[in-house]
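Okay, structure first, notes after.
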Amino acid sequence: MRYNRYTIETTTEAEDVIASILDDLGIEGVQIEDGVPLSEEELAGMFVDIAPAPVRDDGSAFVSFYLDADEDNEPLLESVRAELDDMKSYIDAGSCKITVSTTADEDFQNNWKKYFHQFYIDDILFIPSWEEVEADDHKGLTVHIDPGTAFGTGMHETTQLCIRALRKYVKKGCRVLDVGTGSGVLAVLAFMFGAGQITGTDLDICAEAATADNMAANGLEDADFRLIIGNLIDDKSTQGSVGEGYDIVVANILAEVLIPLLPQGIRCLRPGGIYIMSGIIDDKEDAVVDKCKEYGLEVIEVNRQGEWRGIVAVKPSE
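Converting from the sequence shown to the numbering used here requires adding 452 to each position, the first position being numbered 1.
This is how it looks when you write it as structure tokens:
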């Protein structure tokens with residue numbers, strides 16, 4: 453099978469934002485190349501005896517993704533270009549020039565497995581299906597998730613910010629709305645933290661298979677989870693299906709989507725309910741906080757991890 457490899461020339465400042473944009477467009481398997489030195493934690497997670505030779509960090513980065521060469525890629529590429537052009541208005545993204553090459557790879561769908569290994573977020577172990585639990589003394593939660601069938605694995609800082617907030621605020625039996633659920637990793641963890649009923653929404657029909665696979669992998673096939681494909685922001689049918697009265701709304705999406713989502717997200721919350729938001733780059737923090745206050749939310753936490761922000765707010769009781 454032949455694949456087109458598309459490479460975006462950008463900056464280290466924008467690489468994570470571009471990866472999130474591609475993820476939102478349904479593009480999986482993003483590869484990032486830059487000169488940023490690896491941390492001790494990252495080196496430990498590579499399971500290698502000799503670290504890769506360092507390269508000079510000049511601020512440049514290359515984000516690559518693969519699409520089937522036998523399909524018409526142009527409509528999706530037009531969406532990518534439009535998102536990149538919009539991104540340049542709020543972040544230094546470099547040229548965003550896209551180059552293409554074609555490759556043949558009979559086992560392309562499995563090659564990424566050698567790069568993805570089990571990892572921890574606090575005491576939660578995330579492990580792919582082809583690995584065994586290595587730590588005999590692991591007594592925390594274990595989440596089984598495969599990146600090949602998912603839009604997110606939990607590794608990204610924005611997801612981690614949401615996970616920690618859910619762990620803090622989920623109460624036994626509570627109702628949760630996960631907007632932009634993708635792989636369902638946040639829904640899986642919310643159930644593990646004690647949620648009784650979860651509704652997920654997503655724009656991509658592929659989320660159906662991804663969430664079903666990850667629910668099953670974690671023994672949650674019979675959990676009270678429903679997925680609604682549609683846009684909560686402006687689709688009346690989706691809004692009606694989602695309903696109201698949730699104890700928690702969580703949305704791990706870019707700030708440019710979080711802000712227009714606020715009116716509907718707030719509508720879905722019960723009075724006193726918790727609104728968890730992440731996917732917010734540092735220089736968008738004030739804009740999101742200000743909009744939360746404008747719409748009547750009380751911001752109770754702003755959590756920071758690297759250049760990303762997680763905001764927790766509460767809907768005032770009536």
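We put the beta carbon where it would ideally sit given N, CA and C, even for glycine. These figures come from a predicted structure and were not determined experimentally.
Quiz prompt | Between the CA atoms of D486 and V532 - distance to the nearest angstrom | solution = Using only the alpha carbons, I get a separation of about 20 Å.
Exercise. To the nearest angstrom, report how far apart D686 and E583 are at their CA atoms.
Key: Linking D686 to E583 through their CA atoms gives a straight-line distance of about 42 Å.
Quiz item: How would you call E761, buried or exposed, if buried means at least 16 neighbouring beta carbons within 10 angstroms?
Solution: For clarity, residue 761 is Arg in the given sequence; the question names Glu instead. Buried, since its Cβ has 16 or more Cβ neighbours within 10 Å.
Quiz item: Out of D520, E673, G697, which has the shortest C-alpha to C-alpha gap to G724?
Solution: G697
Practice problem: Measure the Cβ-Cβ separation of A707 and A739 and say whether it is below 8 Å. | Solution: yes
Quiz prompt | Range of the contiguous alpha helix (DSSP H) that encloses Q570 | solution = From DSSP, Q570 is part of no alpha helix (DSSP H); its letter is neither H nor E.
Self-check item: Cβ neighbours of T788 in the same chain (closer than 7 Å, five flanking residues each side left out)
Solution: Given that the chain is displayed from residue 453 to residue 770, the structure contains no residue 788 and the question cannot be resolved.
Practice problem: Can you give me the Cβ contacts of E660 inside the same chain, cut-off strictly under 8 Å, excluding the 5 residues immediately before and after it? | Solution: L679, I681
Self-check item: Pick from T594, H608, D674 that is closest to F645, judged by C-alpha positions
Solution: When each option's Cα is compared against that of F645, the closest is T594.
Quiz item: In whole angstroms, what is the alpha-carbon distance linking S635 and D510?
Solution: 34 Å
Quiz item: So, helix, strand or coil for A765, using DSSP?
Solution: Here A765 carries a strand assignment [DSSP, helix/strand/coil].
Quiz item: Since T462 contacts A545 with CB under 8 Å, what's their CB separation in whole angstroms?
Solution: 5 Å
Quiz item: Helix, strand or coil: which one does DSSP assign to A505?
Solution: In this prediction, A505 scores a pLDDT of 47, lower than 50, which makes its location untrustworthy; no coordinate-derived value is stated.
Quiz prompt | Integer Cβ distance of S472 from C614, believed to fall under 8 Å | solution = Actually they are not in contact, since the Cβ atoms of S472 and C614 sit about 13 Å apart, beyond 8 Å.
Quiz prompt | E770 versus R756, E753, G758, L749, residue with shortest Cα-Cα distance | solution = L749
Self-check item: Cα-Cα separation between V622 and L638, rounded to whole angstroms
Solution: 12 Å
Practice problem: Would you tell me roughly how many angstroms separate the C-alpha atoms of A668 and L629, rounded to the nearest one? | Solution: 19 Å
Quiz item: If you follow the beta strand (DSSP E) that G692 is part of, which residue opens it and which one closes it?
Solution: Here G692 belongs to no beta strand (DSSP E); instead the alpha helix (DSSP H) covers 688 to 694.
Practice problem: From the DSSP output, in three-state form, read off I615 for me. | Solution: helix
Exercise. State the start and end residues of the unbroken beta strand (DSSP E) segment that holds I597.
Key: I597 -> no beta strand (DSSP E), and no H or E assigned at all.
Exercise. Give the DSSP-derived three-state secondary structure of P580 in the structure shown.
Key: coil
Exercise. Could you name the residues that DSSP lists as bridge partners for T555?
Key: Y455
Quiz prompt | CA-to-CA distance, K743 to D524, given in whole angstroms | solution = 39 Å
Practice problem: Count the other C-beta atoms from every protein chain shown that fall within 10 angstroms of the C-beta of T653, then say buried if there are 16 or more, exposed otherwise. | Solution: buried
Practice problem: Just grab the DSSP bridge partners of R678 for me. | Solution: T651
Quiz prompt | Ranges of the beta strand (DSSP E) found wholly within the segment 504 to 553, counting only runs of at least 3 | solution = 512 to 520
Self-check item: is_contact[T663, chain D] using C-beta, thresh 8 Å
Solution: Absent from the structure is chain D; it holds one protein chain and no more.
Exercise. Measure from the alpha carbon of I479 to the alpha carbon of each residue in P527, I733, P580, K688, then state which is nearest.
Key: P527
Self-check item: Residue burial classification, K620 (beta-carbon count within 10 angstroms, cutoff 16)
Solution: exposed
Quiz item: The alpha helix (DSSP H) with D738 in it runs from where to where?
Solution: Residue range 737 to 746 is occupied by the alpha helix (DSSP H) that includes D738.
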